[in-house]
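The structure appears right after this line, and notes come after that.
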Amino acid sequence: TYHTNSVYNESYLSTYNVTYHNYVSTNISNRSYFWNNLASPLDSWLSTFNQTYQNYVANNISNMSYFLRGYYWANNPFFDVWKLDTNATTECGDGEYLDGSSACIHFNDTVIDINKITYYNATSVQAVIGTIDDGDVDDTKVFDGESLNVSEANAEPGLDLRINFTGVDDFNQLIIRYKTTPNKDHKVVIQLWDFVNDVWDDHDFYIETEFWDNPYIPIWDSTLHIGTGANAGEVWVRIYMEDRGKTIHTHFFDFFQLSLGTGTFASQEVDPLSWH
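1 is the number of the first residue of the sequence shown in the UniProt record's numbering; add one for each residue after it.
Okay, here's the thing in structure tokens:
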């Protein structure tokens with residue numbers, strides 16, 4: 001708990017100021033303090049500097065606000081939270097801080113807001129090119145190895161899988177867990193639909209692999225990828241392979257998720273805030 005009024009012991013401060021001022025006054029004008037008894041090449045300049053510095057210290061050291069209230073960052077809103085109002089009488093409780101006027105904010109509330117993470121699971125999937133052999137969208141909501149299995153088409157392009165999300169307010173990350181069989185080193189592009197420019201934007205890619213892999217894809221401007229109007233709150237993701245496919249090639253998708261915040265993925269079993 002702290003108080004913003006000037007309840008500091010002024011008698012002590014005055015004594016301290018005088019003591020420190022006398023110390024500065026005695027030593028700052030003593031050439032040996034700077035030159036260790038050697039002759040100064042610029043005694044006249046040093047005397048002027050000493051007097052100027054001494055006056056500066058004397059004027060400010062005796063001003064209690066210089067020590068107890070700090071600077072008033074009136075023109076910088078970032079520092080408002082640290083600003084001390086010398087006219088305030090509000091006393092904040094334990095774990096709280098004054099926001100610069102009369103309101104007390106609990107520190108933990110601020111931390112919770114910063115660390116809050118929201119997750120969005122996919123709501124539908126569609127194979128535009130290729131075939132869904134096993135599983136459905138529910139198999140992409142849990143990080144458990146139970147996957148949505150999609151085989152390529154014997155065509156060029158060989159794969160076009162759409163994953164849709166709904167009810168999205170904002171997000172800054174796309175998370176995928178996948179593997180393929182066999183491993184043929186085909187490049188598969190991960191895209192998001194740009195509702196502003198009406199194009200598919202490339203955000204990442206993966207190479208076919210028989211081992212589970214987990215791309216974490218940062219999204220820098222979500223406003224381009226969240227629908228409005230009739231598509232309000234929708235986000236469309238596409239898994240696209242431009243090369244010619246083969247029906248014996250299968251892609252396994254265990255996990256699709258969008259998230260907003262600083263954390264990593266969470267399935268519905270472990271995260272109560274996960275959207276389904």
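C-beta: ideal position from N, C-alpha, C; glycine also.
Asked, Found
"Under three-state DSSP, which class holds Asp-170?", "coil"
"Would you call Lys-179 buried or exposed, if buried means 16 or more other Cβ atoms sit within 10 Å of its Cβ?", "buried"
"Along the beta strand (DSSP E) that carries Ile-226, what are the first and last residues, could you check?", "Counting along the chain, Ile-226 falls outside any beta strand (DSSP E), and DSSP gives it neither H nor E."
"Let me check understanding here. Comparing Cα to Cα, which of Thr-118, Val-137, Tyr-120 lies closest to Phe-253?", "Val-137"
"On a Cα-Cα basis, can you pick out the residue from Val-235, Gly-158, Pro-157 that is closest to Thr-223?", "Val-235"
"With DSSP as the reference, please indicate the residues paired to Asp-198 in a beta bridge.", "In the DSSP output, where bridge partners are listed per residue, Asp-198 has none listed."
"Locate the beta strand (DSSP E) running through Ile-129, then write down its first and last residues.", "124-129"
"For Thr-262, name the three-state secondary structure that DSSP assigns.", "coil"
"To which residues of the same chain is Asp-201 closer than 7 Å at the C-beta, ignoring the five residues directly before and after it?", "Gln-191, Leu-192, Asp-194"
"CB Leu-159 to CB Ile-129, shorter than 8 Å?", "yes"
"Shortest alpha-carbon distance to Glu-242 belongs to which of Glu-156, Val-125, Glu-210, Ser-124?", "Glu-156"
"What does Trp-193 pair with, by DSSP beta-bridge criteria?", "Trp-200"
"Where DSSP assigns a beta bridge to Thr-118, which residues make up the other side?", "Leu-260"
"Closest to Ser-151 by C-alpha separation, out of Gly-135, Asp-213, Lys-141, Asp-170, would be which residue?", "Gly-135"
"Under the rule that 16 or more other beta-carbon atoms within 10 Å means buried, what is Val-125, buried or exposed?", "buried"
"Look up Thr-181 in the DSSP assignment and say whether it is helix, strand or coil.", "strand"
"Taking only the alpha-carbon atoms, compute the straight-line gap between Gly-167 and Asn-214 and give it to the nearest angstrom.", "24 Å"
"Reducing DSSP to helix, strand and coil, say where Thr-250 ends up.", "strand"
"Could you tell me which residues DSSP pairs with Ser-147 in its beta bridges?", "DSSP lists no partner for Ser-147."
"By the three-class DSSP mapping on this structure, what secondary structure does Thr-209 have?", "coil"
"Please return the same chain residues whose Cβ sits closer than 7 Å to the Cβ of Gly-227, not counting the five positions on each side in sequence.", "Phe-195, Gly-233, Glu-234"
"Enumerate in chain order the residues of its own chain whose CB-to-CB distance from Asn-183 is below 7 Å, with the five nearest sequence positions on each side excluded.", "Glu-208, Thr-209, Glu-210"
"Does the beta-carbon of Lys-187 have 16 or more other beta-carbons within 10 angstroms, so that it is buried, or is it exposed?", "exposed"
"In the DSSP assignment, the beta strand (DSSP E) including Val-235 goes from what residue to what residue?", "235-241"
"What are the boundary residues of the beta strand (DSSP E) that includes Asp-160?", "159-165"
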